[in-house]
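Participant: Residue numbers (this note's numbering): 269 to 703.
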């Protein structure tokens with residue numbers, strides 16, 4: 269290990285994002301506040317209100333992004349700012365009063381979004397909800413997003429998704445119903461939502477799919493426990509699926525982390541069995557191409573070294589997949605570490621791979637270090653004027669795409685970079701088919 273990397277922890281020793289260090293020292297003001305993404309998710313869920321609890325600067329930041337105290341359908345976007353006494357002694361009574369007022373104003377459900385100071389003083393939001401919920405009609409949930417221990421936007425996404433699960437109540441199960449869980453952390457007003465081909469295939473075979481993504485309403489979430497299965501399309505909704513499994517015994521299909529053909533086969537078989545449908549010949553073209561590319565990968569990729577830069581979706585799950593081709597990870601940028609990543613890291617170590625994990629923040633300096641490591645290929649985001657690295661860019665653009673089509677897109681992209689030094693055209697099921 270080079271001198272520059274001695275301070276980093278190995279991937280197998282990481283248990284949470286708190287264990288991941290910066291690659292190089294840098295003056296850093298902190299990641300993008302996760303409070304903002306929680307507000308975005310609630311604001312894009314028709315019928316759901318929120319009470320943001322924090323300091324005046326939190327309220328200013330929230331209003332700077334959304335100036336309206338009301339949603340399009342009358343949802344409430346209320347801000348509760350702590351005074352000097354509440355910073356010391358807590359804000360329990362004030363928050364309870366605010367929640368009562370929101371209930372009286374007609375809020376159907378309220379997400380309490382707690383920021384840094386409430387996290388620091390340990391305000392008991394569980395206790396507040398336990399006391400107040402029996403007294404009001406509005407359903408209550410909360411998420412704590414102190415920026416000092418929640419690094420950046422992604423963690424705000426999965427914590428808010430998980431909190432949505434606590435708003436739900438038991439429903440009578442519908443045999444031919446499934447939920448597609450996909451909450452986009454960064455793209456609420458930009459790219460279209462990508463759904464894998466298996467979703468349309470299930471619908472063609474009579475399965476009713478409820479899309480819990482952009483455009484889903486509070487009623488959609490209230491009704492979600494009536495499904496027979498959850499389809500997990502991103503790591504950010506895995507905690508929601510787990511919460512629903514714990515509360516309602518609702519099984520889920522982990523499509524998000526199935527990269528290999530064999531893994532996709534297994535998940536699709538479970539889905540077909542659960543809904544008594546037949547996927548025969550449905551994905552043959554994509555599956556055959558994925559098998560062809562995996563066969564080539566087993567021949568051409570062993571021994572190649574790589575690094576993960578910023579902007580890679582599910583980096584630990586992806587690294588586990590690349591380990592099957594005996595590719596060697598030199599360094600991994602990991603912005604957000606999920607509980608399921610612990611298992612992936614363990615599998616990688618069993619195969620002989622245990623790279624240092626880091627966060628790339630000082631990009632000019634950090635990329636020079638990675639360049640000196642001489643990886644055969646890197647994955648992620650890079651400044652356009654930076655030279656000396658072959659990079660598979662836009663590794664976030666398959667977010668929401670799963671199944672054989674993602675495998676094809678990923679491996680095709682890797683071979684394009686190795687052959688030409690360039691990523692090539694963006695590949696997804698909405699673009700040109702690469703065969």
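A virtual CB, placed ideally from N, CA and C, is assigned to each residue, including glycine.
All figures in this text were calculated on a predicted structure; none of them were measured in a lab.
Would you mind stating whether residue 670 and residue 526 have Cβ atoms separated by less than 8 Å?
Facilitator: Yes, they are a contact pair.
Participant: Given this structure, state the Cα-to-Cα distance separating residue 582 from residue 609, to the nearest angstrom.
Facilitator: So the alpha carbons of these two residues sit roughly 9 Å apart.
Participant: Applying the 10 Å Cβ sphere with the 16-neighbour rule, what's the burial state of residue 606?
Facilitator: Answer is buried; the Cβ neighbour count reaches 16.
Participant: Report the three-state DSSP secondary structure of residue 566 (helix, strand or coil).
Facilitator: Reduced to three states, the DSSP call for residue 566 is helix.
Participant: Going straight from the alpha carbon of residue 456 to that of residue 658, what length do you get?
Facilitator: Here the model assigns residue 456 a pLDDT of 46, short of 50, so the residue's position is not dependable and the matter cannot be decided.
Participant: According to DSSP, simplified to helix, strand and coil, what is residue 387?
Facilitator: If DSSP states are grouped into helix, strand and coil, residue 387 belongs with the helices.
Participant: Do the segment 426-442 and the segment 489-508 make contact, defined as three or more Cβ pairs closer than 8 Å?
Facilitator: Yes, the segment 426-442 touches the segment 489-508.
Participant: Under 7 Å: does the beta carbon of residue 359 sit that close to some heavy atom of the ligand NAD?
Facilitator: You won't find the ligand NAD in this model; it holds no ligand whatsoever.
Participant: Short of 6 Å in beta carbon distance, which residues of its chain neighbour residue 594, apart from the five on each side in sequence? Order them along the chain.
Facilitator: So the qualifying residues of the chain are 570.
Participant: In terms of DSSP beta bridges, what is residue 447 paired with?
Facilitator: According to DSSP, which records beta bridges pairwise, residue 447 is partnered with 478, 498.
Participant: Is it a yes or a no for the segment 510-525 touching the segment 565-580, going by three-plus beta-carbon pairs under 8 Å?
Facilitator: Judged by Cβ distances under 8 Å, the segment 510-525 makes no contact with the segment 565-580, as fewer than three pairs qualify.
Participant: Could you tell me which uninterrupted alpha helix (DSSP H) segments, each at least 4 residues in length, are contained entirely in the segment 294-346, listed from first to last along the chain?
Facilitator: Listed in chain order, they are 302-311, 324-333.
Participant: Could you say which of 406, 612, 602, 517 lies nearest to residue 591 if we only look at CA atoms?
Facilitator: Nearest of 406, 612, 602, 517 to residue 591, Cα basis: 612.
Participant: Among 374, 347, 498, which one has its Cα closest to the Cα of residue 363?
Facilitator: Comparing Cα-Cα distances from residue 363 to each of 374, 347, 498, the minimum goes to 347.
Participant: Measuring CA to CA, which of 322, 648, 469 is closest to residue 387?
Facilitator: It is 322 whose Cα lies nearest to the Cα of residue 387.
Participant: Identify every residue that forms a DSSP beta bridge with residue 576.
Facilitator: 600, 647, per the DSSP bridge assignment.
Participant: Taking just the CA atoms, how far does residue 472 sit from residue 554?
Facilitator: So the two alpha carbons sit approximately 18 Å from each other.
Participant: Mind the definition here: the segment 378-397 touches the segment 352-359 only if three or more C-beta pairs lie below 8 Å; say whether that holds.
Facilitator: With a cut-off of 8 Å, the segment 352-359 and the segment 378-397 count as touching, because enough Cβ pairs lie within range.
Participant: Look up residue 349 in the DSSP assignment and say whether it is helix, strand or coil.
Facilitator: Strand, per DSSP.
Participant: Using 8 Å as the cut-off, can you tell me whether the segment 486-501 makes contact with the segment 439-451, which would need three or more C-beta pairs spanning the two stretches below that distance?
Facilitator: Segments in contact, yes.
Participant: What is the DSSP secondary structure of residue 511, reduced to helix, strand or coil?
Facilitator: Residue 511 falls in the helix class under three-state DSSP.
Participant: Identify the residues that DSSP records as bridge partners of residue 409: which are they?
Facilitator: Answer by DSSP bridge pairing, in chain order: 379.
Participant: Under three-state DSSP, which class holds residue 463?
Facilitator: Coil at residue 463, not helix or strand.
Participant: So within the segment 605-629, which uninterrupted alpha helix (DSSP H) runs reach at least 4 residues, ignoring any that extend past its ends?
Facilitator: Within the segment 605-629, the complete alpha helix (DSSP H) runs of at least 4 residues are 609-618.
Participant: Judging by CA-CA distance, which residue of 443, 548, 616 is the nearest neighbour of residue 596?
Facilitator: Of the listed residues, the one whose Cα sits closest to residue 596 is 616.
Participant: Just mark residue 339 as buried or exposed, buried being the case when its beta carbon has 16 or more other beta carbons within 10 Å.
Facilitator: Classification of residue 339: buried, given that the 10 Å Cβ count is 16 or more.
Participant: What residues in its chain sit with their C-beta under 7 Å from that of residue 405, if we drop five residues either side in the sequence?
Facilitator: Once the five neighbours on either side are set aside, the close Cβ partners of residue 405 are 371.
Participant: Excluding the five sequence neighbours on either side, which residues of its own chain have a C-beta within less than 7 Å of the C-beta of residue 689, listed in chain order?
Facilitator: Cβ within range, chain order: 658.
Participant: DSSP on residue 592, reduced to helix/strand/coil?
Facilitator: If DSSP states are grouped into helix, strand and coil, residue 592 belongs with coil.
Participant: What separation, rounded to the nearest whole angstrom, lies between the Cα atoms of residue 588 and residue 623?
Facilitator: The alpha-carbon atoms of residue 588 and residue 623 are separated by roughly 11 Å.
Participant: Considering Cα atoms alone, identify which of 559, 486, 516, 544 is closest to residue 475.
Facilitator: Of the candidates 559, 486, 516, 544, the one whose C-alpha sits nearest the C-alpha of residue 475 is 544.
Participant: Quick check on the DSSP output: the beta strand (DSSP E) that includes residue 537 runs from which residue to which?
Facilitator: Taken as a continuous stretch (DSSP letters only), residue 537 belongs to no beta strand (DSSP E), being part of the alpha helix (DSSP H) at 529-543.
Participant: Determine which residues share a DSSP beta bridge with residue 490 and list them.
Facilitator: The partner list for residue 490 (beta bridge, DSSP) is empty, contrary to what the question assumes.
Participant: In three-state DSSP terms, what is residue 286?
Facilitator: Helix.
Participant: Could you check whether residue 377 and residue 435 sit closer than 8 Å to each other, using their CB atoms as the reference points?
Facilitator: In this structure, residue 377 lies closer than 8 Å to residue 435 by Cβ.
Participant: Going by the beta-carbon positions, is the gap between residue 646 and residue 577 smaller than 8 Å?
Facilitator: Yes, the pair counts as a contact, with Cβ atoms nearer than the cut-off.
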